[in-house]
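Residue numbers (this note's numbering): 1418 to 1726.
Note that CB positions come from ideal geometry on N, CA and C, so glycine has one too.
Next up, the structure:
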């Protein structure tokens, strides 16, 4: 090959300015029509973020949450979007694992900054949720990619670490560029969302050539929705007994997501709280029909080491 080697699409995109990206439909917020592969038959799953288990006082809350989730028909798995524990204690991580085991469904987790015991110690998470840092799985023709977007216990002005970016560069070429794909992680990746990693665009740009259909995140305890090509990039209200939402809302809950014909539709399910055994249906909207908003950061308690997320 000559010294003037061919650029990859990602390298070419990096050399373009914002105006050029927008004109090409590659800038986050632009909708770019793309032929889709529909995957297999329709299915449903749940996605829940920021549980923050901190003590046995939380157990009644999570037992009720799982009872409510069990009331949905046709759910095939659950995504746990990080901050499963509040301070990375093994007992709290194990408690969340044990509560979700009672669903008798597969559940897939990603690590949050609160799932570290110290800035460098995540051994408890890796023991309780083995092989669930950077990984992918397939379900009915869909591809799901879960990644570690943390920088230890840091909660703002963070960067997705080189190990995750290297994993993406190694693994993504092995995935189909045509079959629908869902990305899930802890930190928000949507443009202008508070506490978004400084290099979030470096993650999203790696999916430019893929049939990305949805991005689920947390950390910011509130509803936000942004567009990246054909995917909606979401955060949601938390589902914690201990922590409050950052957007000023009081509802706790999770997403119920339907995958059908290569597209996603999501529905916010409000958690009714202690003593409830049935599902509660909240506001419903298809992907791409909502606009995001950020509220003032609030919380029940102040945790300066980990921050509000």
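With C-beta atoms as the reference, is residue i less than 8 Å away from residue j?
i            : j            : result
residue 1636 : residue 1569 : no
residue 1559 : residue 1464 : no
residue 1596 : residue 1628 : yes
residue 1505 : residue 1473 : no
residue 1601 : residue 1613 : no
residue 1518 : residue 1491 : no
residue 1674 : residue 1660 : no
residue 1563 : residue 1606 : no
residue 1631 : residue 1681 : yes
residue 1593 : residue 1530 : no
residue 1656 : residue 1665 : no
residue 1515 : residue 1467 : no
residue 1561 : residue 1599 : yes
residue 1658 : residue 1672 : no
If I'm right that residue i touches residue j with Cβ under 8 Å, what's the distance once you round it to whole angstroms?
i            : j            : result
residue 1550 : residue 1532 : Between residue 1532 and residue 1550 the Cβ distance is about 11 Å, and since that is not below 8 Å, they are no contact.
residue 1528 : residue 1470 : Going by Cβ atoms, the distance from residue 1528 to residue 1470 rounds to 14 Å, so no, they are not a contact pair.
residue 1615 : residue 1644 : That belief does not hold up - the Cβ atoms of residue 1615 and residue 1644 are roughly 21 Å apart, past 8 Å.
residue 1610 : residue 1581 : Not really, about 18 Å apart at Cβ, beyond 8 Å.
residue 1482 : residue 1525 : Rounded, the Cβ-Cβ distance is 17 Å, inconsistent with contact.
residue 1520 : residue 1487 : 6 Å
residue 1557 : residue 1585 : Their Cβ separation, rounded to whole angstroms, is 23 Å, which puts residue 1557 and residue 1585 out of contact at 8 Å.
residue 1523 : residue 1479 : The Cβ separation is near 18 Å, so there is no contact.
Would you mind sorting residue i into buried or exposed? The rule is 16 or more other CB atoms within 10 Å of its CB.
i            : result
residue 1554 : exposed
residue 1502 : buried
residue 1459 : exposed
residue 1641 : buried
residue 1690 : exposed
residue 1583 : exposed
residue 1704 : Because the pLDDT at residue 1704 is just 34, under 50, the model does not fix this residue reliably, and the value given afterwards should be weighed accordingly. By the 10 Å Cβ count, residue 1704 comes out buried.
residue 1544 : exposed
Please check if any C-beta of chain C sits within less than 8 Å of the C-beta of residue i.
i            : result
residue 1592 : The structure shown contains no chain C, having only a single protein chain.
Residue i bridges to which residues according to DSSP?
i            : result
residue 1526 : 1497
residue 1470 : 1502
residue 1641 : 1652
residue 1555 : 1560
residue 1677 : 1680
residue 1672 : 1464, 1685
Considering only residues of the segment 1557 to 1627, which uninterrupted alpha helix (DSSP H) runs meet the minimum length of 4 residues and lie entirely inside it, listed in chain order? Look at the segment 1557 to 1627 and you find these whole runs of alpha helix (DSSP H), each 4 residues long or longer: 1579 to 1588, 1617 to 1621.
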